[in-house]
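Enquirer: Chain order of the listed sequences is A and B. So the first sequence is numbered by the UniProt record's numbering: it starts at 1 and just counts up by one. So the second sequence is numbered by the UniProt record's numbering: it starts at 1 and just counts up by one.
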Amino acid sequence: MSLAAVVTVMVATVLIGAFGIRFSRTTSDFYVASRTVSPLWNASAIGGEYLSAASFLGVAGLILSFGADMLWLPVGWTGGYLVLLVLVSAPLRRSGAYTLPDFAEARLESMSVRRTASVLVVLIGWLYLMPQFQSAGLVLRTITGAPVWAGGLLVAVVVAVNVLSGGMRSITFVQAFQYWLKLTALALPLVFLLLAWKSDGAPAVSAADAATWQVPLAGGKEYGLYSTYSLILATFLGTMGLPHVLVRFYTNPDGQAARRTTLVVLSLLGAFYLLPSVYGWLGRMYAPDLVRTDAVVLTLPGRMVGGTLGDLLTALVTAGAFAAFLSTSSGLTVSVAGVIAQDLLKGGVRSFRIATLMAVSVPLALALWARALPVADVVGLAFAVAASSFCPLLVLGIWWRRLSSTGALAGLFVGGGLACAAVLVTIVGGPYEGLADALLAQPAAWTVPIAFTVMVAVSFLTPHRVPAGVARTMVRLHTPENLALDRGDWRPRSS
Amino acid sequence: MSPEPRPARRVPSGRGDVPRRVTVTSPRTAAARRPRYPATREIDEQTHLGEVYMRSLLRTQFRLALFVCTVLACVVGGLPLLFLAIPELREADLLGIPVPWAVLAGLIYPAFVVGAWLYVRQAERNERHFADLVERP
């Protein structure tokens, strides 16, 4: 039955995507769906795209393993949108850029900053895609016993077909559909799980767990306070630097709509993230024996409800999990492919197609060979890289006139480079001992301040490299669209 | 309208019977109020006045953003310290749910939404003020 659910989600995704085909005519359609998507659609799409395997499966699993300290993960993933809203959303939309490299070019008038941003977008995208494919393999093995590579390959193929056939317009509809599917797939089984828990006499966690697992900073983990703060910093500041999130803001008609969309996104995410922690808490009582705790969401309905109803609920949850893989992977693929097509290839629809294949195949290969870490941990590393590279670029670029192109370049290199190095060392080697492990597994607390410091300091040292058109760019970024002002004639290259 | 004559400045005179003739002037209110250019043009031409307008907009919006971020940082950064400083809080219950769970897995989400709503309202208000300022005839 779970297999049937997976097939249904795949077919539905492709069918809904097919509706987009007749709309997508020009290159501009492919990239941003002509900016005619309404705020609720847009917000649902952002939610659908953002709630990845890490949110759907990983959070509950990590809470089951590590307890209350992991509650910060969904808090940070939601709160990141509040930071994004106040610092970035409206100016970014008003910049008129389609992608992060576009923004870098528009603001700093430098091709080298643009290329560095492109490389970082591709790296972050791949780092985020890899665990999606890995978890898809894990889920498919859980329900059918198929080899691990099969699930990843299946998701990769569906995503590639979908992106190739419809571009972003179709993706917007698919993503919006995916959010509501994911919410239902997690909320409905939870109702039955809680009823089963109630009829079981509403047990509490064991006395040992109540003393340590349920309590934050209980000292079970070394350097718990450092890890908690580093996690908070990475998630709150990293959200704004995720390429697949930002590309969504360009589909708003203007800056005000971008703000309102973000507000709706916050509500949608808040509603969703109430659920995984309850799964984690129930899992601690009913499934403490799991080896790969990422599977806890899939396991609970069978164990607690059982029978045909249990099978049905398992099928629903599995469908939701596949919706999570498909939507996040599609969004990431669109943005990574867009950047590859514009900055590495010639641009245009044909390059976009070649780039899509590149965007999918590299992380698929990585997923098959790399060491399998918990999915939420790898995604957390992607957030750390985004927080130490694009967060300073966006915040300083939008609010500080004296940012110079050399300063931006230096900050991207140092911050992004250090975070990437920490990620690489963690994924390839590791786990390490004591303080080194904490510093490498949660690098944001030291890489983010370094990135900001380098960007500001180098900008002060190179005042002659402050872009000439900065005053005009500031008018463009900050003034409401209804004012008749000269906003310069910069256009993104992909239009 | 009162029929009284316009009050002219009377110079106290020693003789009293012959009023002194004075020139009546009016401040050129209309001319003084209207700037030479509309403010949008000052901004377009990047004059000093245009810069002042832009800086005021940026400063208002940045202060608002900074305020929200500071409140957020105090709440989010303060919670782990609070749990660390007051161990009783970590194990206390709120309606049968441990306090850290009630806060981190529940109450904090509606708080985010309310904060975001207030921010959007104020940011749009700031932009309206700016528009009124530069579009004033």
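Ideal Cβ positions, reconstructed from N, Cα and C, are used throughout, including at glycine.
Looking only at C-alpha atoms, which of A/A367, A/V414 and A/A106 sits nearest to A/L153?
Expert: Here the closest residue by C-alpha is A/A367.
Enquirer: Where does A/I232 sit, in a helix, a strand or coil, going by DSSP?
Expert: Looking at A/I232 - three-state DSSP - the assignment turns out to be helix.
Enquirer: Using the Cα positions of residue 496 of chain A and A/G469, report the straight-line distance between them to the nearest angstrom.
Expert: Outside the shown range of chain A, which is 1 to 495, sits residue 496 of chain A, and nothing can be said about it.
Enquirer: Are there any heavy atoms of the ligand PLP lying less than 7 Å away from the beta-carbon of A/M455, as far as the coordinates show?
Expert: The ligand PLP is not part of this structure, which contains no ligands at all.
Enquirer: Nearest by alpha-carbon distance to A/V9: which of A/F249, A/L409, A/V456 and A/Y179 is it?
Expert: Measuring from the Cα of A/V9, the nearest candidate turns out to be A/Y179.
Enquirer: Out of A/W126, A/A444, A/A471 and A/V339, point me to the one whose CA is closest to B/R55's CA.
Expert: Nearest option by C-alpha distance: A/A471.
Enquirer: Looking at A/G411: is its Cβ nearer than 8 Å to the Cβ of A/M455?
Expert: Closer than 8 Å, so yes.
Enquirer: Name, please, each residue of chain B whose Cβ falls closer than 7 Å to the Cβ of A/L263.
Expert: Within 7 Å Cβ-Cβ: A116, W117 and V120.
Enquirer: With C-beta atoms as the reference, is A/V157 less than 8 Å away from A/S330?
Expert: Taking 8 Å as the Cβ cut-off, A/V157 and A/S330 do not qualify as a contacting pair.
Enquirer: Interface residues of chain A around B/T40 at Cβ under 8 Å?
Expert: In chain order: L483, A484 and L485.
Enquirer: Skipping 5 residues on each side, what residues in its chain have a beta carbon closer than 7 Å to that of A/I143?
Expert: So the qualifying residues of the chain are S2, L3 and T318.
Enquirer: Which residues of the region 67–97 of chain B have a Cβ closer than 8 Å to any Cβ of chain A? Give them in chain order.
Expert: The residues in question are V68, C69, L72, V76, G77, P80, F83, L84, R90 and E91.
Enquirer: Just to make sure I have the definition right: I need the residues of chain B whose C-beta is within less than 9 Å of the C-beta of A/Q442. Which are they?
Expert: Within chain B, no residue comes near A/Q442; the closest Cβ sits about 14 Å away, beyond 9 Å.
Enquirer: For A/V395 and A/V448, I'd like the C-alpha separation in whole angstroms.
Expert: Distance between the alpha carbons of A/V395 and A/V448 is about 12 Å.
Enquirer: In chain order, what residues of the same chain have a beta carbon less than 8 Å from the beta carbon of A/V215, not counting five sequence neighbours either side?
Expert: Once the five neighbours on either side are set aside, the close Cβ partners of A/V215 are G67 and A68.
Enquirer: Check each residue of the region 223–256 of chain A: if its Cβ is closer than 8 Å to any Cβ of chain B, include it; give the result in chain order.
Expert: Hits within the stretch, in order: L225, T228, Y229, I232, F236 and Q256.
Enquirer: State the Cα-Cα distance for the pair A/V378 and B/E51, rounded to the nearest angstrom.
Expert: Distance between the alpha carbons of A/V378 and B/E51: 45 Å.
Enquirer: Count the other CB atoms within 10 Å of the CB of A/N42; is the residue buried (16 or more) or exposed (fewer)?
Expert: A/N42 should be labelled buried.
Enquirer: Assign A/D289 to one of three DSSP states: helix, strand, or coil.
Expert: Reduced to three states, the DSSP call for A/D289 is coil.
Enquirer: Where does the unbroken alpha helix (DSSP H) through A/M130 begin, and where does it stop?
Expert: Residues M111 to T144.
Enquirer: Residues of chain B with CB under 7 Å from A/H478, in chain order?
Expert: Here the neighbours are L57, L58 and Q61.
Enquirer: Between which two residues does the alpha helix (DSSP H) containing B/I43 stretch?
Expert: Counting along the chain, the alpha helix (DSSP H) containing B/I43 begins and ends at A39 to D44.
Enquirer: If you draw a straight line from the C-alpha of A/G255 to the C-alpha of A/V122, how long is it?
Expert: Cα-Cα distance, rounded: 26 Å.
Enquirer: What does DSSP give as the partner residue(s) for B/L94 in the beta ladder?
Expert: B/I97, per the DSSP bridge assignment.
Enquirer: Just to confirm, is the Cβ distance from A/G320 to A/A185 under 8 Å?
Expert: Against a cut-off of 8 Å, the Cβ pair of A/A185 and A/G320 comes out as a contact.
Enquirer: Using a Cβ-Cβ cut-off of 7 Å (strictly less than) and excluding sequence neighbours within five positions of A/V161, which residues of its own chain qualify?
Expert: V14, listed in sequence order.
Enquirer: Count the other CB atoms, across all protein chains shown, that sit within 10 Å of the CB of A/E433; report buried if there are 16 or more and exposed otherwise.
Expert: Counting Cβ neighbours within 10 Å, A/E433 comes out exposed, since fewer than 16 surround it.
Enquirer: Under 8 Å Cβ to Cβ from B/R90, same chain only, skipping five residues before and after it: list those, please.
Expert: The answer, listed in chain order, is F83, P98, V99 and P100.
Enquirer: Report yes or no: is there a C-beta of chain B within less than 8 Å of the C-beta of A/M455?
Expert: Chain B contact via Cβ: absent.
Enquirer: Using beta-carbon positions only, say whether A/F249 and A/S89 come within less than 8 Å of one another.
Expert: Closer than 8 Å, so yes.
Enquirer: Give a yes or no on whether the minimum CB-CB distance between B/D44 and chain A is below 8 Å.
Expert: Closer than 8 Å to some Cβ of chain A, the Cβ of B/D44 qualifies, so yes.
Enquirer: Could you tell me whether the region 73–85 of chain A touches the region 238–253 of chain A, where touching means 3 or more Cβ pairs closer than 8 Å?
Expert: Result yes; three or more Cβ-Cβ pairs closer than 8 Å.
Enquirer: Identify, in the order they occur along the chain, each residue of the same chain with its Cβ nearer than 8 Å to the Cβ of A/P74, setting aside the five sequence neighbours on each side.
Expert: The residues are S55, V59, Y273, P276 and S277.
Enquirer: Which bits of chain A does B/L104 rub up against, with CB to CB less than 9 Å?
Expert: The answer, in chain order, is A68, L71, W72, P74, V75, P216 and S277.
Enquirer: Shortest alpha-carbon distance to A/L266 belongs to which of B/A111, B/H129 and B/L133?
Expert: A/L266 has its Cα closest to that of B/A111, out of B/A111, B/H129 and B/L133.
Enquirer: So with Cβ pairs under 8 Å, would you call residue 538 of chain A a contact of chain B?
Expert: Absent from the structure is residue 538 of chain A, since the part of chain A shown begins at 1 and ends at 495.
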